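*Asks:* Quick one: the structure is below, questions incoming.
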Amino acid sequence: MAHGPQPVMSMSGRVVAAGAVALAVVLALTLGTIVAVFVRAEGVGGFDPADWAALRFTVTQATLSAALSVALAIPVARAIARRRFVGRGALVMLLGAPFILPVIVAVFGLISVFGRSGWVSQSLMAFGYEPISIYGFHGVIIAHVFFNLPLATRLVLQGWLAIPGERFRLAAALGFTSRDIARHLERPMLREVLPGAFLVIFLLCLTSFAVALALGGGPRATTIELAIYEAFRLDFDLGKAALLACVQFGLGAAVAIVALRVALPSGFGGGLDRAVQRWDQRGPLRTALDASWIALAALFLILPILAIAFDGIGALATLPSQVWTSAARSLGVAAVSVIVTLLLALPIAAWSVTSGSKLVEGLGTLTIVASPLIIGMGLFIVINPFLDPFALALPVTALVNAIMSLPFALRALVPALSQIETQYGRLADSLGMSGTARLRRLWLPRLARPLGFSAGLAGALSLGDLGVIALFASPDTPTLPLQIFRLLTSYRMDDAAGAALVLLALSLAVFWLLDRGGRVNVDG
Amino acid sequence: MLTVEDLRIVYEDFTLTADFTVETGRKVAILGPSGAGKSTLLSAIAGFETPAAGRVLWDGEDLGPKAPGARPVSVIFQDNNLFPHLTTAQNVGLGLSPALRLSPADETKVEEALGQVGLEGLGGRKPGALSGGQMARVSLARALLRHKPLLLLDEPFGALGPALRVEMLDLVADLAERTGATLLMVSHEPGDARRIADDVVLVHDGEAHPPVNTAEIFANPPAELAAYLGDS
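Take a look at the structure:
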C-alpha cells in the first residue's frame, strides 16, 4: 500500500550487545592503538626534511597513481563496454583479480616484466634504448597502476553499463554522431563516476606500504607508512613513529571526509558481462583502436602474472622447506583472520541493519583510514609490558588482517542483511523467530553468498598481507609473503619465484573455495 | 472478541482512525480503494505498527505490549510468506517452533497439516519447486498449526488466477470454520467478500468503519462503497 511505513525491526538485546562488543574491539584497535602510540611516545619531535619528503612523496605518488589509473581506465572501459569478443567475460573477471593478488607476488611479476633484466628492458636494449628502472618513483607508480587500473576500469565500466540501452537506441534513432553521444550520454556519466573512482584509488595508494617497501625506499621514494615502519623497526623512535602515524591518520581522515560527500563506488557490482550495443562505432579503424586498448590493458595485467608462472614453475621442485612451512603458517593466520573477520562483521552488520543507523557501519569502516602499521605498533606497545610481542607476531597479524578486511565484509553483508530484513523481517517477527532462531534459520542461510565472499576476501587478503608481519617479524616465524620478501632482498630469485607462485596459487584457491562455498545449495 | 479502540495511526500526511469490535468466529473482509489504509489497519493489529493513540484488545487483553510473534495472531502477507531456503515441511514447522526444534510428534502434525491443505508428500520440496497456489497452501498449513484465534490475511491471493483464487478462499473459510478462528481479510475484490465474509469493514478516507453484514452492505451500499464499486 501507498503509505508504507519503515519496517519495525525486532531489535533484540543480544544483537545490540554483540554489535557493541564487536564495535568496541574495532574502536580499541583503530583509535585505541593510536592513543597507545601517543602515550608511549616521549616527546614528539618536529618534522625533519626526511619527513617532509615522505609526506610529499606519499601525496604525489597517490595523486599520480590515481590520475593515471583513472585516465587509462576510460578508453579501456569504453572499449570493453562497446565490444563483444572472445574472452570478454574472462577479461572482466581478470579485472577483479588484482584485489586478491598478494602485493609481493605482483611486485615480483612486475620486476620480471619491467625490471632491469626483465622483458621490457631487454627489448628496449635490443633496440639500443636505456633499460627502465622498476625501483624508486617509477616502480611505485607502475605497481600502483597495475593494482588500481583494473579497479578503475571496473568502476568506469559500471558507469557505462548503467546508461540504459534505450538511450543508445534513441541516440541511434536521432542520428547522433560519436561526438554527440559523448556529449549527451558519456561525459555526464564520467563526471559522476570519475571523482569517486579517483578518491578510492587515492586513498588506497595513500596507505600503501608493501609496494613502497619492496620497490621504493630511500629519500626519494619513501611513503609515510614506510617511514613509520623504519622509525619503529630500524630506529625504534616511537616519538617519530607516533608523529608520522598522526600525519598519516589526519591525511586519510581528510580524504575520507571528502570521499563521504562524493559517494564512493563499490566496484563489486555484478552484471559486467554484457556489452552495450552501439551503432556509431562501426568501421575498421575504431574497432582496431578499441582492440588495441583492450590488448594493452590485458597484456599489462596478464604478463606479470604469466612471468610468475614461468619463473616459478621450474623452482617448485627445489623450493627450500622453509617456504612450505611458512606457507602452512600463512594458511593458519588466514584461517584465524577469516573467523575473526566474520565474528566482527556479522554483529556489526546486524546492529547496523536492525538499528537502521549508518553510524555503526561508518565506524566499522573507520579501518579504511586506519593504517595496519599503526595498529600493529599500538598493539606492540600495549603487549610489550606483559608478553613478548614477537612471540605473538602471528596472532597479532591475524587480528590486524581481520580488521583490514572488515570494511569489505561490511560492504557485502550490510546491504544483503538489510534486504533480508525488508523481505522476511515481518514474517520472522510474526512467527516469533528472534535471537538464535533468527540467526540460524534466516540470516545465516540467506547470507551464505556474501559470507562466502567476505570469507574468501578476508582469507586471500590475509594470506597475501605484507604489512604488520614485517613489523613483528622474528627470523624463524615468517609468513609466506615475508619469506618471499626475504628471498627477494637476498637475490635468491629462483626460490622467490617458486614461492611467489605458491602464494599466488594459495590466494586464488582460498578465495575461490570460500566464495564458492557460499554459492552451493542456495535457493531463491 | 477483537476490540479496536479509538485507534489512530499517523504517518507524515496520513491518518487512519478505527473504532470497532468483531465477534469471535466472524469472517470479516476489509474493503476499500488502494492507499486507503487497509493494510495499515491489519499491520497495527498484527503488531507491526505503533499506534499514535488507542488500543487493540483480544478478549479484553491489551495487545500493545506484545511483540508480533507473541500476539494471538497468524498473518499471511501479500508475498514472501515462505523462506526459500527452508523446505515446505520446515516452513510449516516454524509454526510449532521458531527455532525448528521439532519432535517426531511435531513432524507428524506438520504432515497432517500439509494433508489438510492438500499437499500430502510435498514436505521435502523447497518453495522454488512449488506453484503459486501450493505456496499459498503452505502458509495456510502453517497458520493452521500455529492455531491462533485471529487469522489475518493481507491480500494473499492477489497473484492467483480467478479459479485458483476462489478455491483458496473456500479453503480459508473452511479452515477458519474448523478452527473457530476469527478471520480478517484485506481485499480490493468485492467478490472475495461476497464469497466468504460475514461482515465488511469499509476503509475510506482515513477511516475504518465498523463491520456491517455483507449481504446488507452490498444490497444497500453507502456512498463511499458505491463510488468504489462503480457501476457494477
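Heads up: the sequence lines are chains A and B, in that order.
Be aware that the first sequence starts at 0, since it is given in numbering that gives the first Met the number 0, and climbs by one per residue.
Be aware that the second sequence starts at 0, since it is given in numbering that gives the first Met the number 0, and climbs by one per residue.
The C-beta atom is built at its ideal place from N, Cα and C for all residues, glycine as well.
Only a predicted model underlies this, so the values are computations on that prediction, with no experimental measurement involved.
Are the CB atoms of A/L243 and A/I256 within a distance shorter than 8 Å?
*Replies:* no
*Asks:* Would you list, in chain order, the members of the segment 53 to 64 of chain B that have their beta-carbon closer than 7 Å to a beta-carbon of chain A?
*Replies:* none
*Asks:* For A/G18, does the count of other Cβ atoms within 10 angstroms reach 16, so buried, or fall short, so exposed?
*Replies:* Counting Cβ neighbours within 10 Å, A/G18 comes out buried, since at least 16 surround it.
*Asks:* Starting from the C-beta of B/E188, find all residues in its chain whose C-beta is less than 6 Å away, skip the five residues before and the five after it, and write them out in chain order.
*Replies:* none
*Asks:* Leaving aside the five residues before and after A/P6 along the sequence, list all residues of the same chain whose C-beta is less than 8 Å from its C-beta, in chain order.
*Replies:* Its pLDDT being 40, under 50, A/P6 is placed unreliably in this model, and the coordinates cannot settle the point.
*Asks:* What are the residues in the segment 428 to 446 of chain A lying within 9 Å of chain B by C-beta distance?
*Replies:* Those would be D428, S429, L430, G431, M432, S433, G434, T435, A436, R437, R439, R440, L441, P444, R445, in chain order.
*Asks:* Could you check where the beta strand (DSSP E) with B/K26 kicks off and where it finishes?
*Replies:* Looking at the DSSP string, the run of the beta strand (DSSP E) that includes B/K26 is 26 to 30.
*Asks:* Could you list the residues in the segment 127 to 138 of chain A with a C-beta less than 9 Å from some C-beta on chain B, going in chain order?
*Replies:* For the segment 127 to 138 of chain A, the beta-carbon criterion of a distance under 9 Å to any beta-carbon of chain B is satisfied by none of its residues.
*Asks:* Could you check whether the Cβ of A/R425 sits closer than 8 Å to any Cβ belonging to chain B?
*Replies:* yes
*Asks:* Determine the extent of the alpha helix (DSSP H) in which A/W159 is found, giving its start and end residues.
*Replies:* According to the DSSP assignment, A/W159 belongs to the alpha helix (DSSP H) that extends over 136 to 161.
*Asks:* Please check if any C-beta of chain A sits within less than 8 Å of the C-beta of B/L30.
*Replies:* no
*Asks:* Are the C-beta atoms of B/P97 and some chain A residue less than 8 Å apart?
*Replies:* yes
*Asks:* Going along the chain, which unbroken runs of the alpha helix (DSSP H) with 4 or more residues stay wholly within the segment 80 to 161 of chain B?
*Replies:* 87 to 92, 103 to 115, 131 to 145
*Asks:* Checking the sheet assignment: what are the DSSP bridge partners for B/N212?
*Replies:* Bridge partners of B/N212 according to DSSP: B/D198.
*Asks:* Which whole-angstrom value is the C-beta distance of B/G127 and B/L113, which I expect to be below 8 Å?
*Replies:* Not a contact, Cβ separation roughly 17 Å.
*Asks:* Any heavy atom of the ligand NAP closer than 7 Å to the beta-carbon of B/D78?
*Replies:* The ligand NAP is absent from the structure shown, which contains no ligands of any kind.
*Asks:* Which stretch, first to last residue, makes up the beta strand (DSSP E) that contains A/D493?
*Replies:* Bounds of any beta strand (DSSP E) do not take in A/D493; it lies within the alpha helix (DSSP H) bounded by 492 to 516.
*Asks:* Is it true that the CB of B/L40 sits closer than 8 Å to the CB of B/L15?
*Replies:* yes
*Asks:* In the DSSP assignment, find the unbroken beta strand (DSSP E) run with A/E224 in it and report its ends.
*Replies:* No beta strand (DSSP E) holds A/E224; the alpha helix (DSSP H) holding it covers 223 to 228.
*Asks:* For A/Q422, decide whether its Cβ has a neighbour in chain B, counting only Cβ atoms nearer than 8 Å.
*Replies:* yes
*Asks:* Scan the segment 17 to 73 of chain B and note each continuous beta strand (DSSP E) run of 3 residues or more that stays entirely inside, going in chain order.
*Replies:* Runs of the beta strand (DSSP E) lying entirely within the segment 17 to 73 of chain B and spanning at least 3 residues, in chain order: 26 to 30, 52 to 57.
*Asks:* Taking C-alpha atoms, which residue in A/L203, A/L365, A/V38, A/E224 lies nearest to A/L405?
*Replies:* A/L365
*Asks:* Starting from the C-beta of A/V381, find all residues in its chain whose C-beta is less than 6 Å away, skip the five residues before and the five after it, and write them out in chain order.
*Replies:* A35
*Asks:* In chain order, what residues of the segment 134 to 159 of chain B put their CB closer than 7 Å to some CB of chain A?
*Replies:* Contact annotation: in the segment 134 to 159 of chain B, no residue has its CB less than 7 Å from a CB in chain A.
*Asks:* List, in chain order, every chain A residue whose beta-carbon is nearer than 9 Å to that of B/G233.
*Replies:* Only positions 0 to 231 of chain B appear in the structure, and residue 233 of chain B is not among them; the question remains open.
*Asks:* Flag this pair as yes or no: are the beta carbons of A/F510 and A/G455 separated by less than 8 Å?
*Replies:* Against a cut-off of 8 Å, the Cβ pair of A/G455 and A/F510 comes out as a contact.
*Asks:* Over what stretch of residues does the alpha helix (DSSP H) that includes A/V91 continue unbroken?
*Replies:* A/V91 -> alpha helix (DSSP H) spans 87 to 95.
*Asks:* Starting from B/V74, find everything on chain A with Cβ-Cβ shorter than 7 Å and list it in chain order.
*Replies:* S429
*Asks:* Determine, using beta carbons only, whether B/N212 comes closer than 8 Å to chain A.
*Replies:* no
*Asks:* According to DSSP, is A/S9 part of a helix, a strand, or is it coil?
*Replies:* Note that A/S9 has pLDDT 46, beneath the 50 cutoff, so the model's placement of it is unreliable and the number below is only indicative. DSSP places A/S9 in coil when its eight states are reduced to three.
*Asks:* Nearest chain A C-beta to B/L93 closer than 8 Å, yes or no?
*Replies:* yes
*Asks:* Just curious, the alpha helix (DSSP H) that A/L481 is in, first and last residue?
*Replies:* According to the DSSP assignment, A/L481 belongs to the alpha helix (DSSP H) that extends over 479 to 488.
*Asks:* Apply the 10 Å Cβ neighbour rule to A/Q121 and answer buried if 16 or more other Cβ atoms are within range, or exposed otherwise.
*Replies:* With a 10 Å radius around the Cβ and a threshold of 16 neighbouring Cβ atoms, A/Q121 comes out exposed.
*Asks:* Going by Cα to Cα distance, which pick from B/L143, B/E176, B/L182 is closest to B/P210?
*Replies:* Checked all of B/L143, B/E176, B/L182; the closest Cα to B/P210 is B/L182.
*Asks:* Is it true that the CB of B/G117 sits closer than 8 Å to the CB of B/R141?
*Replies:* no
*Asks:* Under a Cβ-count criterion, where at least 16 other Cβ atoms within 10 Å of its own Cβ denotes burial, should A/Q418 be classed as buried or exposed?
*Replies:* exposed
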